[in-house]
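Protein chains in written order, with the working numbering: chain R, 1 to 243; chain V, 1001 to 1243.
We put the beta carbon where it would ideally sit given N, CA and C, even for glycine.
If you want it as structure tokens, here you go:
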């Protein structure tokens, strides 16, 4: 019986991969993942066996990985960011009861809330909420409820999957909900292509964010009441200097 | 004029450090940090110059680091976990206007929400809120408000600093607030000494968590409505298999 690792490699830059991720990808028999991620990793692991599937085939991909592990292979299911944050770790565990004896290990990675924050400055320096705007797997009503709750709690908010071709106005809808509680002057930040070629960050107000188009390669940060701009960086104080 | 890096090394295990963290700590002239963190790093960097201060001297420590950088040194301020999540990144930026010209770079690390989650299974596989229960720098009323909002939004919740000698009953108070919205049967998990000697994880209900004593080396996870236990792991489905 083999082993299955579910491992996040962070935003993509080799420097933001952990030693455990590298060791795991080095040592495994086969790396399984979404085609886009595999294309990014292939140059790092010449000669390695890869198994990739397109987007929206997550269940098939994880089943294939579990099957290979049950057959005795050591398998590494790779995710960008952290495999436990909107990644494959949960799905692998959900499917695992049909593959008794496969030993599953989750290798954490740098999630976009942390890697994007580092580019902007320190936007999540106090309590924060992470919300995905994708309604592929979640009712939009629940997403709205969470946006509303996060705004009521004056959380910093980090939005994953803020947009796609089919959901071009979702960020605008999200901002409208946040604007019911948060000031239009709330400091916000967006980061595109974190840690990859073409990385770009931009700081703006919540009112401006509402009218900004972003794509699916972008992570969005909305500050709390105390978030400020210091020398071009987005900073949410923890309180060391008073408020 | 020197450079200042604010870098998170993750939970402590060398395997969960990123290549960027290692390169930054290797290359800098001096590593600055809390004494407990410096003691953990010293064996990795023999011959390196260190500057450490005790807890609650965060401002002095960051001022010293900025002063050294302004004098031309390349300085690495180290934090456990991620330097942007209750770490020193925000404070360094807040203090930086008095040190014009010092170039500040934040190096992200694996925060306890991610490293602890990996030990438990996949507890934050859907939208989550991160809340610190420490009221050293934050009014307890605001912490209560955020707990209440997180429960109303059916977020998974990750609690940092859940307890200390002076705040022995804070986790109980937090659970009582969460129990106003969340079921007493909600799946929860606690992880102590993540990635270090004596790592221990435990899964329990929210009702049981309320009557459990934890210490400051523990990170606490509270599930959402759909969080379940699968073969001893705490798993919050994203929705691939339906709810």
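| query | So what does DSSP say about residue 7(R), is it helix, strand or coil? | reply | Taking the first residue of the first chain as position 1, residue 7(R) is located at position 7. Of the three classes helix, strand and coil, the one that applies to residue 7(R) here is strand, per DSSP.
| residue 20(R) burial status per 10 Å Cβ neighbour count (16 or more: buried) | As a first step, residue 20(R) must be located in the first chain, where it is residue number 20. Of the other Cβ atoms in all chains shown, 16 or more fall within 10 Å of the Cβ of residue 20(R); this residue is therefore buried.
| Coarse secondary structure for residue 238(R), derived from DSSP in three states | The sequence position of residue 238(R) within the first chain is 238, counting from 1. The answer is coil: DSSP assigns residue 238(R) none of H, G, I, E or B.
| field | Within-7 Å CB hit, residue 1222(V) to chain R | value | Numbered from 1 along the second chain, position 222 holds the residue referred to as residue 1222(V). No, residue 1222(V) lies away from the interface with chain R (no Cβ there is under 7 Å from its Cβ).
| request: Consult DSSP for residue 1165(V) and reduce its assignment to one of helix, strand or coil. | output: The count along the second chain starts at 1 and reaches residue 1165(V) at position 165. If DSSP states are grouped into helix, strand and coil, residue 1165(V) belongs with the helices.
| task | Would you tell me roughly how many angstroms separate the C-alpha atoms of residue 1128(V) and residue 1010(V), rounded to the nearest one? | result | As a first step, residue 1128(V) must be located in the second chain, where it is residue number 128. As a first step, residue 1010(V) must be located in the second chain, where it is residue number 10. Answer to the nearest angstrom: the Cα atoms are 20 Å apart.
| task | Would you mind telling me which residues of chain R sit closer than 9 Å to residue 1061(V), beta carbon to beta carbon, in chain order? | result | Against the second chain, residue 1061(V) aligns to sequence position 61. Result: empty, since nearest Cβ-Cβ is about 11 Å, beyond 9 Å.
| request: Quick one: which residues of the stretch 1098-1115 of chain V get their C-beta closer than 9 Å to a C-beta of chain R? List them in chain order. | output: Of all residues in the stretch 1098-1115 of chain V, 1100, 1104, 1105, 1106, 1107, 1108, 1109, 1110, 1111, 1113, 1114, 1115 have a Cβ within less than 9 Å of some Cβ in chain R.
| task | For residue 45(R), decide whether its Cβ has a neighbour in chain V, counting only Cβ atoms nearer than 7 Å. | result | Numbered from 1 along the first chain, position 45 holds the residue referred to as residue 45(R). Using a Cβ-Cβ cut-off of 7 Å, residue 45(R) does not count as an interface residue toward chain V, since no Cβ of chain V sits closer than that to its own.
| Who does residue 1180(V) pair with in a DSSP beta bridge? | Within the second chain, the letter at position 180 stands for residue 1180(V). The partner list for residue 1180(V) (beta bridge, DSSP) is empty, contrary to what the question assumes.
| Quick one, are the C-beta atoms of residue 1200(V) and residue 1213(V) less than 7 Å apart? | Taking the first residue of the second chain as 1, we reach residue 1200(V) at position 200. Taking the first residue of the second chain as 1, we reach residue 1213(V) at position 213. 7 Å or more divides the Cβ of residue 1200(V) from the Cβ of residue 1213(V).
| said: Let me check one thing: in DSSP terms, what residues is residue 1076(V) bridge-paired to? | reply: Counting from 1 along the second chain, the entry for residue 1076(V) is found at position 76. 1005(V), 1031(V), per the DSSP bridge assignment.
| message | Looking only at its chain, what residues have a beta carbon closer than 6 Å to the beta carbon of residue 219(R), apart from the 5 residues adjacent to it on each side? | response | Here residue 219(R) refers to the residue found at position 219 when the first chain is read from its first residue. Result list for residue 219(R): 112, 116, 191, in chain order.
| field | C-beta neighbour in chain R for residue 1178(V), strict 7 Å | value | Position 178 of the second chain, counted from the first residue, corresponds to residue 1178(V). It does not; no Cβ of chain R falls within 7 Å.
| How long is the line joining the alpha carbons of residue 1169(V) and residue 1163(V), rounded to whole angstroms? | For the purposes of this step, residue 1169(V) is taken as residue 169 along the second chain, with counting starting at 1. For the purposes of this step, residue 1163(V) is taken as residue 163 along the second chain, with counting starting at 1. If you take the alpha carbons of residue 1169(V) and residue 1163(V), they lie about 7 Å apart.
| query | Using a Cβ-Cβ distance under 7 Å, would residue 1067(V) count as near chain R? | reply | Residue mapping note: residue 1067(V) aligns to position 67 of the second chain, counting from 1. Not an interface residue.
| Are the CB atoms of residue 29(R) and residue 73(R) nearer to each other than 7 Å? | For the purposes of this step, residue 29(R) is identified with residue 29 of the first chain, where counting begins at 1. For the purposes of this step, residue 73(R) is identified with residue 73 of the first chain, where counting begins at 1. Less than 7 Å separates the beta-carbon of residue 29(R) from that of residue 73(R).
| Cβ-based contacts, 7 Å cut-off: residues of the stretch 1119-1142 of chain V near chain R | Taking 7 Å as the Cβ-Cβ cut-off against chain R, the residues of the stretch 1119-1142 of chain V that qualify are 1121, 1122, 1124, 1125, 1127, 1128, 1129, 1130, 1131, 1132, 1137, 1138.
| query | DSSP three-state call for residue 1172(V): helix, strand or coil? | reply | Within the second chain, numbered from 1, the residue matching residue 1172(V) stands at position 172. Of the three classes helix, strand and coil, the one that applies to residue 1172(V) here is helix, per DSSP.
| Member of 125(R), 124(R), 147(R), 89(R) whose CA lies at the smallest distance from the CA of residue 134(R) | Mapped onto the first chain, residue 134(R) falls at position 134. 147(R) is the residue among 125(R), 124(R), 147(R), 89(R) whose C-alpha sits nearest the C-alpha of residue 134(R).
| said: Among the candidates 37(R), 185(R), 215(R), 172(R), whose CA atom is the shortest distance from the CA of residue 58(R)? | reply: Translated into the one-based positions of the first chain, residue 58(R) becomes position 58. The candidate whose alpha carbon is nearest that of residue 58(R) is 37(R).
| query | Any idea what DSSP makes of residue 1013(V), helix, strand or coil? | reply | Position 13 of the second chain holds residue 1013(V). Three-state result, residue 1013(V): coil.
| task | Compare the C-beta of residue 252(R) with all C-beta atoms of chain V and state if any pair is closer than 7 Å. | result | Outside the shown range of chain R, which is 1 to 243, sits residue 252(R), and nothing can be said about it.
| query | The beta strand (DSSP E) spanning residue 132(R) covers which residue range? | reply | For the purposes of this step, residue 132(R) is taken as the residue at position 132 of the first chain. Looking at the DSSP string, the run of the beta strand (DSSP E) that includes residue 132(R) is 128-132.
| task | With a threshold of 6 Å, establish whether the CB of residue 159(R) neighbours any heavy atom of the ligand NAP. | result | As far as ligands go, the structure on display features none, and thus does not contain the ligand NAP.
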